[in-house]
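See below for the structure under consideration.
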Amino acid sequence: MNVPIIEVKHLSYRYESDVEALEDVSFKVEKGEYVTLIGHNGSGKSTLAKLLCYLYEPLKGEIILNGVKESDATVKEIRKTVGIVFQNPDNQFIGGTVEDDVAFGLENRNVEVEKMRELVHEYARKVNMEHYLQKEPSEISGGQKQRVAIAGILALGLKIVIFDEATSMLDPEGVEDIKKLINEMRSADKDLTFISITHDIEEAYMSDRVIIMNEHRIFKDGAPNEVFSNVDEIRSIGLGAPFILRVKDALKKKGIVVDDKAVTLDSLARDICKLK
Amino acid sequence: MDSRVFGKFSNKNTIIHKLDSRLKIFALILLMVIIFLNYGDFANSFAVLGVVSIIIVVIMLIGRVSFLSFLKNLKALWFMMVFLMLINCLIPYGVYTHVMFTFPNGFAIYWEALFNALRVGFRIILMVALTMILTSTTSPLDITYAFEWYLTPLKLVKFPTQVISMTISLALRFIPTLLEEAQRIMRAQKSRGVDYNRGIISKKIKSITTLVIPLLVSCFSRSDELALAMDARGYDPYANRTRYRTLNFGLKDTLFLALLLVISAGFIYLSVLASNFNINFLTYLFKQIGETF
Amino acid sequence: MQIEIKNISYIYDYGNKETYKALDNVSFNVEKGDFLAIVGKTGAGKSTLIQMLNGLLVPDEGEVDVDEFVVSKDKKKRSKKLFLLRKKVGMVFQFPEYQLFEETVLKDVMFGPKNFGMKDEEAMEVAKAALTSVHLSSKFYDRSPFELSGGEKRKVAIAGILASKPEIIVLDEPTAGLDPIAKIDIMNLIKELHDKGTTIVLVTHDMDVVMNYATKVVVLNDSKLMKITTPSALFNEPDVEKYSLEIPTLYKFKRLLKSEGFKKDLKAVNDFDSLIASIVEEKNNG
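Residue numbers (my numbering), protein chains in the order written: chain G, 1 to 276; chain S, 1 to 293; chain R, 1 to 286.
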């Protein structure tokens, strides 16, 4: 039996201003899963991401990361396990140049200079930024900055990567870019666990598992087809459903039933045309 | 607003660029001292400053420092220079005897005052040139690391030099970003009817607040996010960290240092000579050349 | 014609002989009451273009006429009081929240009108009306803008522009960074303004927004004007991708249906409900 790489047990959190953020959240994540976390702004998703990284301390409950319980004593372990890419490309870019930024995490880990140079070059190449090593952040685009952030995380060999709306400030080209990069990362390392906080319903539909947050609690947790099966329910909490499911649902209401197995646009189109 | 103009670092492949940044800072300070030493009379001073100028021009050529940027820098300072020179002209310093001309009300302008003013101007120009050489051949990060190195003795009294260094590096990294943000804010406020150029003082102050307040607020929220990001990447300001950028003092640095010390020693000697004996360097030099031939 | 853009070009000069032509001989017109979307990938010239609509930038070549105002490099042609153009053309930039600076929400919204000459009492009235139109109640008047949530801040910023009662509103990515509900909220607000007669010019990357709200679309690519057309005509084009644009999922699906042998003509299908209706019709007739 696989020990889950993340175990969250009855997690609660409240901000100083007494603003509620999370209420009794529990779930498990297996190694290699691609989990998407969706929910309206204020539902607690971002807070959850920061708690997973132990950037905040839980009020109640616990988080077990790769078998290690998160606490002040285990911070070093946590930093070796999980990394996070935030929404604003500028506010997480610390180095004066691309190579300095990729090296930042390595410096914090006391990696020696020679090894650092190797790693910086290797991972800059993996994210296609090897020709930009000496560029300053003001000379590169948002998408490129996010790629640099990812390189920094990969260079540290982390096992869990969290994306906190990492593409919401990018233009469509940048978004495509990052999506492609994530796919490459996943094929290169099947053990890499991804948690993506997103508003992109279509992305959620293509992931392994969807957790829907609503009003500081988990509303639904499961495979995309399960979670989105009731389109009206999804709408009632203010979210949109994936296009494919909306089509199937609308047709069902008019008496036309389409094969449940269709999960892509082309297979849906095919199934609809076959119906006649 | 292009920050490129005022002596910003441009990554070229010259010897000057490759010199250790600690050495360059030392050279800057030493040469500034040389420029401000007393060499006796005016003729000597201008002669020495002339030689220093030649040295600086040579360094600028080797380091491919942009003369155009240098002139632009001077243009920005012209007001201050003229002001200083005027003060020196009008307010006597020391014993002046040679009158240039007298105003109708009896106020006299002396030749010495004029020469003094010119000397001040000359020195300022050379200082600007020296500073420009440093900033255009050395990346801000390397300058920051050099300062941190110079502050190392403070570590003995538990002064957090690496924290200061990280703070400065972060500030430098954000200058272009904040400049861009300032421009965006101004555009938005202009669209709301703000005119940054015209208006009485009270209006201008209000206009500035429409820029400064949003910028400050955004700086605070940026620093919150930055702190989280740094924490998430394992940053501990007081722990030991390795450094990706290293400062290497090599052979060319040793040679440059030797050359620098020799030249400086020479100038210091001249200064000592001048203050103890009443020599005029140029006449002495010509006499020597005359005697050899 | 409310806005006439006549052969404008713009070049950014970075010094060291580095230049970038952001706009190359672009011409088009905007009628009063249009809901115009300007699309194109990043760098196509959209942001540069809109800054000329309220005189923040002046074209290097050509001119922009907005009713009686002329924005031109030629000092003889250029309107003397270009400053007033900014009252007529309200500009909402991307992430407008960062322009908030006053102590209270009400004061901030009053700022624009006061700059354009209104007295305090009148400015307060229009500010309150503007806040109402963005669905912010009187509870918000005395709060500090910096305490509000991101979505609320954005609405305050928009109210600040609306308070001066502009005839034309230009928005650069008004839905950037918002969650889906907030996006719909803002877009409905803009639609309301449009229904009341305001001309809307909207720069966006979101093709769903273009599909659902715009009546006209201008496509820029590589600093040039590619096309001016309606959203449905644009998305029905077989090779829209040549403009470096993503097409809305609905249109992707239409193409797939066609290629899988769907018989009914889907050209007129431009929204979700008509799509479903067409599929049902086809099934019942098949």
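For glycine and all other residues, C-beta sits at the position ideal for the given N, C-alpha and C.
Spatial neighbours of F42/S within its chain, please: CB distance less than 6 Å, with the 5 preceding and 5 following residues excluded, ordered by chain position. F115
Alpha-carbon to alpha-carbon, P214/S and A130/R: 22 Å
Look at the alpha carbon of N66/G and the alpha carbon of V8/G, and state the distance between them as a whole number of angstroms. 11 Å
Contact criterion: CB-CB distance below 8 Å. Does E173/G meet it with respect to chain R? yes
Quick one: what does DSSP say F163/G is sitting in, helix, strand or coil? strand
Within its chain, find whatever has a CB closer than 8 Å to the CB of K155/S; leave out the 5 residues flanking it on each side and keep chain order. T161
If contact means a Cβ-Cβ distance below 7 Å, which residues of the segment 109-139 of chain R contact chain S? F111, G112, N115, F116
What are the boundary residues of the beta strand (DSSP E) that F194/G is part of? 193-197
Can you pull out the residues from the segment 43-62 of chain R whose beta carbon lies closer than 8 Å to at least one beta carbon of chain S? Q51, N54, L56
Anyone know if the C-beta pair for I197/G and E176/G falls short of 8 Å? no
So what does S72/R bridge to, in DSSP terms? E63/R
Does the Cβ-Cβ distance between I38/R and L220/R come in under 8 Å? yes
Let me know the secondary structure DSSP gives M1/R once reduced to three states. coil
Could you check the C-alpha separation between N88/G and L257/R for me, to the nearest Å? 39 Å
Cα-Cα separation between F272/R and L36/R, rounded to whole angstroms: 22 Å
Under 8 Å between C-beta atoms, does R14/G make it to chain R? no
I'd like to confirm the pairing. Which residues does DSSP put opposite G222/G in its beta bridges? V210/G
With a threshold of 8 Å between beta-carbons, can F101/R be considered close to chain S, or not? yes
Starting from M91/R, find everything on chain S with Cβ-Cβ shorter than 7 Å and list it in chain order. S191
Can the beta-carbon of V218/R be found closer than 8 Å to that of L225/R? yes
Going by CA-CA distance only, name the one from I124/S, Y39/S, N44/S that's closest to F79/S. I124/S
Chain G contacts made by the segment 215-239 of chain S, where a contact means CB separation under 9 Å: S221, R222, S223, D224, E225, L226, L228, A229, M230, D231, A232, R233, G234, Y235, D236, A239
Does the CB of Q278/G have a neighbour CB from chain S at under 8 Å? Since the first and last residues shown for chain G are 1 and 276, residue 278/G lies out of range.
Using the beta-carbon of each residue, which ones in chain S are nearer than 8 Å to N110/G? N240, R241, T242
What did DSSP end up calling L59/G once you bin it into helix, strand or coil? coil
Who pairs with G83/G in a beta bridge, going by DSSP? V161/G
Kindly confirm or deny that the segment 40-54 of chain G and the segment 132-151 of chain G touch, where touching means at least three C-beta pairs closer than 8 Å. no
With a threshold of 6 Å on Cβ separation, who are the neighbours of R4/S within its own chain once the five nearest residues in sequence on each side are excluded? Since pLDDT at R4/S reaches only 45, below the 50 mark, its modelled position is unreliable, and no value is offered.
Could you tell me which of I162/G, I94/G, K69/G sits nearest to L48/G, measuring between CA atoms? I162/G
Touch check for the segment 255-272 of chain S and the segment 16-30 of chain S: three-plus C-beta pairs under 8 Å? yes
Could you check where the beta strand (DSSP E) with D172/R kicks off and where it finishes? 168-172
For A241/G, the three-state DSSP class (helix, strand or coil): coil
So, are the CB atoms of M132/S and S69/S less than 8 Å apart? yes
Based on the DSSP output, what are the partners of D13/R in its beta bridges? T19/R
Can you confirm whether R270/G, when its beta carbon is compared against all beta carbons of chain R, has any partner nearer than 8 Å? yes
What does K242/R touch in chain G if you count any residue whose Cβ is under 7 Å from its own? The premise fails here: K242/R is roughly 15 Å from chain G at the closest Cβ pair, so nothing lies under 7 Å.
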